[in-house]
Amino acid sequence: MDFKLTDSQLKLQAKARDFALKEILPVTHYFDEHDQMPVFLIKKAHAVGISNLSIPKKYGGQGLGLMDEAIVVEEIAAADPAMGTSIFGNTLGEEPLMMSENEAAKQKYLPILVKQPKIVSFATSEPMMGSDVAGIRCLAKKDGNDYVLNGTKYWITNAGYADYCSVFATVDPELKHKGIACFFVDMKSKGVIVGEHIPKLGQRPSNTTAIKFKDCRVPAENVLAPEGKGFPLAMKTFGRTRPIIGSFAVGAARSAMEFAIDYVKKRRAFGQPLSDFQNTQFRIAEMYQKVETMRLLTYKAAWEADNGMDPTITASLTKFYATEAAFEVVNQALQLFAGYGYTKFYPIEKILRDLRVLTIYEGTSEVQRIVVSRYALNEYKPVMPALEDLPSLTGDDLEKVTMNGLDPKQTVWRCRICGALFYGPEPPEECPYCRFPKSAFKKVWPKA
Ligand SMILES: Cc1cc2nc3c(=O)[nH]c(=O)nc-3n(C[C@H](O)[C@H](O)[C@H](O)COP(=O)(O)OP(=O)(O)OC[C@H]3O[C@@H](n4cnc5c(N)ncnc54)[C@H](O)[C@@H]3O)c2cc1C
19 MDFKLTDSQL
29 KLQAKARDFA
39 LKEILPVTHY
49 FDEHDQMPVF
59 LIKKAHAVGI
69 SNLSIPKKYG
79 GQGLGLMDEA
89 IVVEEIAAAD
99 PAMGTSIFGN
109 TLGEEPLMMS
119 ENEAAKQKYL
129 PILVKQPKIV
139 SFATSEPMMG
149 SDVAGIRCLA
159 KKDGNDYVLN
169 GTKYWITNAG
179 YADYCSVFAT
189 VDPELKHKGI
199 ACFFVDMKSK
209 GVIVGEHIPK
219 LGQRPSNTTA
229 IKFKDCRVPA
239 ENVLAPEGKG
249 FPLAMKTFGR
259 TRPIIGSFAV
269 GAARSAMEFA
279 IDYVKKRRAF
289 GQPLSDFQNT
299 QFRIAEMYQK
309 VETMRLLTYK
319 AAWEADNGMD
329 PTITASLTKF
339 YATEAAFEVV
349 NQALQLFAGY
359 GYTKFYPIEK
369 ILRDLRVLTI
379 YEGTSEVQRI
389 VVSRYALNEY
399 KPVMPALEDL
409 PSLTGDDLEK
419 VTMNGLDPKQ
429 TVWRCRICGA
439 LFYGPEPPEE
449 CPYCRFPKSA
459 FKKVWPKA
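Structure representation (structure tokens):
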């Protein structure tokens with residue numbers, strides 16, 4: 019275990035921080051007010067080398083890991099969570115291509131994405147479905163060598179400016195997840211119609227639109243995953259991108275905490291700085307605790323992905339823990355700012371609006387709970403024995419018990435209904451507590 023960032027990660031962090039503070043922070047308020055995406059910032063991020071980080075070296079990319087991505091995204095999101103969404107949205111769009119088995123498509127497109135500041139979107143969601151990815155209705159019909167797409171995608175980040183989009187569509191909605199395929203669509207193709215920018219509560223500098231496909235032909239060479247393999251590809255993508263939503267949360271919460279620290283030292287009430295109240299100190303401590311813990315979890319998920327482990331569960335844990343904790347941190351910051359936090363003059367209200375979506379996109383908090391609870395209930399391997407097998411020995415001579423272990427000849431029975439223990443060669447005819455018959459007792463010692 020090593021919690022230190024490497025020298026190259028520290029340099030990358032410094033570069034991203036510099037970009038965030040100099041390029042993003044000064045204009046974030048303007049683009050929020052104007053509900054407009056600063057496309058030039060996505061292109062600048064590409065130029066300085068802080069986007070598309072994980073494109074492998076063999077395609078000309080930097081070949082960096084998810085950990086590096088997490089470090090960079092925290093800095094960008096700290097300046098503007100919306101720009102975090104839009105700059106990182108490119109990686110989301112590229113992941114299906116990078117993880118595809120279609121080597122020819124990788125060879126064709128990844129070098130272009132390295133050299134040119136192209137924008138790539140990702141599309142699973144539709145007007146009638148978001149969480150239930152297996153319920154995709156956008157149709158992909160095979161026609162000769164091509165597929166023909168018909169249907170509408172909704173909520174697609176950067177779609178208004180995208181050059182390409184990883185589109186998930188189904189050959190037959192009845193087949194559910196088994197019918198889903200994935201296509202790398204050139205957004206200049208005939209039959210691609212982009213909707214108006216959707217007005218939102220927050221994340222206003224991040225473009226979000228619908229994409230309608232009307233008899234849009236996609237050549238077979240742009241199939242990233244054939245039918246049946248699209249759904250697992252989408253899930254694998256989320257396994258790599260959900261940790262990064264954790265980084266959005268860390269960045270946003272960290273900024274809110276830093277602004278709050280500054281504010282409470284200067285603002286006075288009842289003749290003293292707010293920071294002198296113990297309530298303020300405790301709140302700051304809790305904010306700090308949450309920022310640290312959410313970052314640790316985010317790094318762990320990224321580390322798992324970088325070390326060839328399946329990050330799915332930690333990614334989901336990160337997604338719902340970090341995004342919910344961040345909301346609490348920013349809400350607390352607003353409380354400390356009180357009336358001033360509620361105005362547009364200070365940045366807290368924007369951070370609050372921007373981060374509200376983090377518990378929604380890339381799988382809601384509820385979806386993450388489904389993933390984690392399914393794992394915990396069905397796959398997680400417990401260390402402790404089942405309750406009905408739990409031995410609990412006793413002895414008259416405590417010295418003997420603690421020094422030499424317990425009498426191995428002792429026989430212990432446990433009632434499987436109420437958990438009561440019985441010591442003796444045979445269980446009682448009836449449990450003296452819950453009154454279940456003898457059959458309720460199970461021998462828990464000696465072990466069979
Ligand atoms: C700003 C923004 C950007 C986005 N960018 C993209 C993008 O780039 N690409 C893309 O494909 N999508 C994108 N999305 C869509 C996003 O991923 C979906 O909004 C999200 O997955 C939830 O889907 P939904 O809104 O249809 O909610 P629904 O699926 O309709 O869910 C509604 C509510 O029901 C709950 N729910 C649903 N199923 C269950 C269940 N089984 N058990 C318990 N509760 C359940 C949900 O948690 C939620 O609270 C974006 C959304 C926003 C707001």
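In this note's numbering, the protein residues as written are 19 to 466. In this text, a Cβ means the ideal position worked out from N, Cα and C, and glycines have one as well. Owing to the predicted nature of the structure, the values given are computational and were not obtained by experimental measurement.
query: Q290 - partner residues in DSSP beta bridges; result: A287
query: Environment of R301 [buried if 16+ CB atoms lie within 10 Å]; result: buried
query: Contact test: S143 Cβ vs ligand 1 heavy atom, cutoff 6 angstroms; result: yes
query: Buried versus exposed call for D98 [16 or more other C-beta atoms within 10 Å across all chains shown]; result: buried
query: Alpha-carbon spacing of A287 relative to A356, whole angstroms; result: 12 angstroms
query: Buried or exposed by the 16-neighbour rule on C-beta atoms within 10 Å, applied to G81; result: exposed
query: Inter-residue Cα distance where the pair is V309 and P74; result: 31 angstroms
query: Of the listed residues Y393, E41, P191, nearest to E93 (C-alpha basis); result: E41
query: For V241, the three-state DSSP class (helix, strand or coil); result: strand
query: Proximity winner among A438, P446, R371, I388, relative to E51 (alpha-carbon distances); result: R371
query: M275 versus A122 - alpha carbon distance; result: 47 angstroms
query: P261 beta carbon less than 7 angstroms from that of A343; result: no
query: Nearest candidate by alpha-carbon position, reference C200, set L292, T332, M55, A141; result: A141
query: Segment contact, 8 angstroms Cβ cut-off, at least three pairs: the stretch 183 to 196 with the stretch 246 to 254; result: yes
query: Three-state class that DSSP yields for I174 in the structure shown; result: strand
query: CA nearest to the CA of G437, picked from S410, S143, P443, V66; result: S410
query: Cβ pair G209, C183 closer than 7 angstroms; result: no
query: Closest Cα partner of A65 within the set G83, A34, I331; result: A34
query: Rounded separation between N163 and K124 - CA only; result: 19 angstroms
query: Neighbour-count burial assignment, K171, 16 or more Cβ in a 10 Å radius; result: buried
query: 6 angstroms CB neighbourhood of T46 in its chain, flanking five on each side removed; result: D98
query: T226 vs V212 beta-carbon contact at 7 angstroms; result: no
query: Residue nearest to S143 in terms of C-alpha spacing, selected from T175, E113, M116; result: T175
query: Closer than 6 angstroms: T311 CB and nearest ligand 1 heavy atom; result: no
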